[in-house]
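Protein chains in written order, with our numbering: chain A, 1 to 203; chain B, 1001 to 1203; chain C, 2001 to 2203; chain D, 3001 to 3203. Following: one structure in structure tokens, then a few remarks.
Protein chains: 4
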Amino acid sequence: MSVKTASHGRIDKRQAILAAAFTVFARQGYSQACVQEIAQEAGVAKPTVYNHLNDKENLFREAMTEASAELTGALLAAVEPLRDPGDDLRAALVAVGDRLLELYCEERSWALRRLLYAEVARFPELGCGVDKLTEALADRFARFSLQGKLDVQEPEVAAEQFLALLTGPMDNRTAFGTRPAPAAELHSVAESAVRTFLSAFAS
Amino acid sequence: MSVKTASHGRIDKRQAILAAAFTVFARQGYSQACVQEIAQEAGVAKPTVYNHLNDKENLFREAMTEASAELTGALLAAVEPLRDPGDDLRAALVAVGDRLLELYCEERSWALRRLLYAEVARFPELGCGVDKLTEALADRFARFSLQGKLDVQEPEVAAEQFLALLTGPMDNRTAFGTRPAPAAELHSVAESAVRTFLSAFAS
Amino acid sequence: MSVKTASHGRIDKRQAILAAAFTVFARQGYSQACVQEIAQEAGVAKPTVYNHLNDKENLFREAMTEASAELTGALLAAVEPLRDPGDDLRAALVAVGDRLLELYCEERSWALRRLLYAEVARFPELGCGVDKLTEALADRFARFSLQGKLDVQEPEVAAEQFLALLTGPMDNRTAFGTRPAPAAELHSVAESAVRTFLSAFAS
Amino acid sequence: MSVKTASHGRIDKRQAILAAAFTVFARQGYSQACVQEIAQEAGVAKPTVYNHLNDKENLFREAMTEASAELTGALLAAVEPLRDPGDDLRAALVAVGDRLLELYCEERSWALRRLLYAEVARFPELGCGVDKLTEALADRFARFSLQGKLDVQEPEVAAEQFLALLTGPMDNRTAFGTRPAPAAELHSVAESAVRTFLSAFAS
DNA sequence: CATGAATGAGATTTCATTCAT
DNA sequence: GATGAATGAAATCTCATTCAT
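This is how it looks when you write it as structure tokens:
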């Protein structure tokens, strides 16, 4: 009724289309996905998709950007607790590791990474985002080092390695996200990662 | 002319088609690649492709299997030197790390992984191969542990982590294989990986 | 604001739409032209076009009628001087011929004829207008005949032939209005036409 | 069966497609015509059309070129008799005029000209063909002038004018090919044209 | 009356796949 | 066994037209 409502309606529809698009792209891959199916999933007619997003490529870009931002937000939130890790640094790192792995192994995360890998050659801008997660983690590690809680010379490298230890094993363990990993296994991976990390960087 | 030659000719043609297929799939992705282009790249007519490999899906499977086996072979060969590491374990590990990273960052390797990631949802059998590289490395680490050169409780986990430390950083550093990484950077990553690994697992 | 102004505004808007429509139809042809573009050119929204003119076909009809009337008016005005040709009939005919050819070769004239030719099959009413120009010219020639200035038995035929001699050569000379014709060439054609015409019909 | 037959089959199919294309384009215009309908008219599947002619634009170009060449051939043949006009030049000219007008007023001729006019803006190469008919006629008139049968200073201009006198009146008389013209009317136009032409150029 | 948004229908084009030779 | 030709099916995108405001 009000302008605001109308505006929201428009924005909502755009968001609905983007969400539907990501769902379908995740299921079928970029090329196999057809705009028709995305429109159906969003509950609109095909031309409406073209009215809001210009063409399939742009639709993909926007849907990926959206999904990517969402995941990045959650990941950054997951490392926030390290601002106040309490007495037990190991426990704090394991908790963060658990949470990161949980996010990393969500179905949508795998789908996002699969699409990213698959299409980065044709959509190079998708791979260009700076890795905010590594940076945020490097910030924490630098602080810990200053506080004498860790002995880290190159915080960026340490952050990279922390994340690599966490997520690296999951490709093979879940057959690239095809098989689900039990929570216990995730926790075990997180603990191993933290153990190795602390063995290397404990002060 | 002879049966043997004819047979070889047949096999050669099949191999040529598979090689061409991988090249084209790597360039375009599974869906974007069209059989016509593969046939052209292989220098044969389209129906010949269908005579040798039944349909596009099978063509993809076989081409991926072929390329995958090739890469796996090279990776396994790269860890062979660890059977006789000499006195300086660190140097041996760095050398192996260098070689593994080099292989990992070849254009064809990225392409293979991109295709794997992209299509594992529709071709689940592609992701099912046991990870021979991790196993081979775990074998070496187990030996080192027995020989007192390392202190490794779970060789599989240690191998996973060694590989994660090596390759994990490369996704972001090369924008998923889109940007080339200078050899010096590769070496630096290998050294960091080995340093962290040995800090954690030195006996 | 006032009724009169509003009414004028309405008429003006209709005229603006028709003018824009002709411009776009001339540029793109009937089918290629899209209502969206016409609306843009007219500076109104698409439904406004539908409010004023019912559908695309009617829009075309009206735009063509408008443009056609405009051109016809100019052509009729161009032969008016023959009501008072002065002493030198040849000079008067050449002057009229020059002006007619000039109008005939305007960009908009070519566009109009192109659209007429192109769409007369689907809009037969467009081709049904009596040829007022031929009639007007026939009237003049009949007068000249009565006055002993010409020897014309069938004024309609003479008028047809005068116009044919003028405009017939232009299709090929301008590649159907695609290439511009220099003014000198136009004048030369007009002179040749008048020469032949007078050779045949001089009293 | 034989290679030759196979080859003919291919050529025949291409010709069939081009003929069907011209028929449909003539009926519907370039944009309204759809490839689907052309394929149906030709009795082949839609992709076959795309196999032989690359896209709709090229299909149009080739179909127009073909039809144009056909008509041009007939027109040139129609003026051949003027190589040996016999004693009665007037009669010969009228005969040729009759035949030219007959060809000019065939349904396919009107269709060709309509398409040419309609699309010359988007397919400029279609309008670029030299006018062989005018040239051939100019050649005949030049001969007649040398032989003292005519008094023609500029044969090209005379030829242009002869054709203009013939065909110029037909646009209006047939409502641009929409109405059929009775043979008697055609003959009358031809006679008037020849009368005027000879009045002007008789030696 | 003017308009932003939505849509049903349909156009061009591509591609995996199969015959017939 | 290899190939030129043909095709059924489907995908992207456009456009005339209509609601609801």
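Glycine residues also receive a C-beta, built at the ideal position from the N, C-alpha and C atoms. Since we're looking at a predicted model, the values are computed, not measured.
Exercise for review: Please classify A/E119: is it buried, with 16 or more other beta-carbons within 10 angstroms of its beta-carbon, or exposed?
Suggested key: buried
Check your understanding: Is C/G2168 near D/G3127, with beta carbons less than 7 Å apart?
Key -> no
Point to revise | 7 Å CB neighbourhood of C/K2046 in its chain, flanking five on each side removed | key: V2035, Q2036, A2039
Exercise for review: Please list the residues of the stretch 1170 to 1203 of chain B that have a C-beta atom closer than 7 Å to any C-beta atom in chain A, keeping them in chain order.
Suggested key: Taking 7 Å as the Cβ-Cβ cut-off, the stretch 1170 to 1203 of chain B approaches chain A at N1172, A1175, F1176, T1178, S1192, T1196, S1199, A1200, given in chain order.
Check your understanding: Around the C-beta of A/G177, are 16 or more other C-beta atoms found within 10 angstroms, so that it is buried, or is it exposed?
Key -> buried
**Study point:** Endpoints, alpha helix (DSSP H) assigned at D/Y3117
**Key:** 3107 to 3119
Review point. Between which two residues does the alpha helix (DSSP H) carrying C/N2172 extend?
Key: First-last of the alpha helix (DSSP H) with C/N2172: 2170 to 2173.
Check your understanding: Which class does C/L2198 belong to by DSSP, given the choice of helix, strand or coil?
Key -> C/L2198 falls in the helix class under three-state DSSP.
Review point. Is the stretch 3184 to 3193 of chain D in contact with the stretch 3013 to 3023 of chain D, if contact means three or more CB pairs nearer than 8 Å?
Key: At 8 Å Cβ cutoff, the stretches do not touch.
Point to revise | DSSP state of B/L1150 mapped onto helix, strand, coil | key: strand
Review point. Can you give the Cα-Cα distance for A/A63 and A/L71, rounded to whole angstroms?
Key: 12 Å
Review point. Interface residues of chain D around C/V2079 at Cβ under 7 Å?
Key: Under the 7 Å cutoff, chain D gives no residues; its nearest Cβ is about 16 Å from C/V2079.
Review point. Considering only residues of the same chain and omitting the five flanking positions on each side of C/T2023, which have a CB-CB separation below 7 Å?
Key: E2041
Practice item. With DSSP as the reference, label C/Q2015 as helix, strand or coil. Key: helix
Review point. What span of residues does the alpha helix (DSSP H) with C/A2045 cover, start to end?
Key: Taken as a continuous stretch (DSSP letters only), C/A2045 belongs to no alpha helix (DSSP H), as it is neither H nor E.
Review point. How about C/S2192 and D/V3044: are their beta carbons less than 7 Å apart?
Key: no
Check your understanding: Using a C-beta cutoff of 7 Å, does C/V2096 count as contacting chain D?
Key -> no
Exercise for review: Kindly provide the ranges of any alpha helix (DSSP H) runs that are 4 or more residues long and lie completely inside the stretch 3065 to 3108 of chain D, ordered along the chain.
Suggested key: Correct list: 3089 to 3104.
Review point. With DSSP run on the structure shown, which of helix, strand or coil describes D/Q3032?
Key: coil
Check your understanding: Using a Cβ cut-off of 9 Å, which residues of the stretch 3139 to 3171 of chain D contact any Cβ in chain C, in chain order?
Key -> E3154, V3157, A3158, E3160, Q3161, L3163, A3164, L3165, L3166, T3167, G3168, P3169, D3171
Review point. Going by the CB atoms, is the gap between A/A142 and A/L76 shorter than 7 Å?
Key: no
Check your understanding: In three-state terms, what does DSSP make of A/N58?
Key -> helix
Practice item. Spell out whether any CB of chain A is found under 7 Å from the CB atom of B/Y1104. Key: Under the Cβ criterion of 7 Å, B/Y1104 is not counted among the residues facing chain A.
Exercise for review: Taking only beta-carbon positions, decide if B/V1035 is within less than 7 Å of chain A.
Suggested key: no
Exercise for review: Determine which residues of the stretch 2116 to 2138 of chain C have a Cβ less than 8 Å from any Cβ of chain D, and write them out in chain order.
Suggested key: L2116, Y2117, A2118, E2119, V2120, A2121, R2122, P2124, G2127, C2128, D2131, T2134
Check your understanding: For C/A2078 versus C/R2099, is the C-beta spacing smaller than 7 Å?
Key -> Less than 7 Å separates the beta-carbon of C/A2078 from that of C/R2099.
Check your understanding: Taking Cβ to Cβ, would you say A/L166 is nearer than 7 Å to A/G97?
Key -> yes
Practice item. Give the interface partners of C/V2113 over in chain D, defined as CB-CB distance under 8 Å, in chain order. Key: Before going further, note that residue 2113 of chain C is Arg rather than Val in the sequence given. By Cβ distance, chain D contributes Y3117.
Check your understanding: Beta carbon of A/N51, beta carbon of B/D1131: below 7 Å?
Key -> With contacts defined as CB atoms closer than 7 Å, A/N51 and B/D1131 fail to qualify as a contacting pair.
Review point. Would a C-beta distance cut-off of 7 Å place B/Q1032 and A/S31 closer than the cut-off?
Key: Contact check for B/Q1032 against A/S31 passes: the beta carbons are separated by less than 7 Å.
Point to revise | Option in A/A20, A/E57, A/R90 with minimal Cα separation from A/S199 | key: A/R90
Check your understanding: What do you get for C/G2073, buried or exposed, if any count of 16 or more other CB atoms within 10 angstroms of its CB means buried?
Key -> exposed
Practice item. Grab the span of the alpha helix (DSSP H) containing D/V3157 for me, first residue to last. Key: 3155 to 3167
Exercise for review: Out of C/L2112, C/E2107, C/T2174, point me to the one whose CA is closest to C/A2069's CA.
Suggested key: Per the Cα distances, C/L2112.
Point to revise | Counted within 10 angstroms of its Cβ, other Cβ atoms place A/R114 as buried (16 or more) or exposed | key: buried
Exercise for review: Could you pull out every residue in the same chain whose Cβ sits closer than 6 Å to the Cβ of C/T2048, ignoring the five residues on either side in sequence?
Suggested key: none
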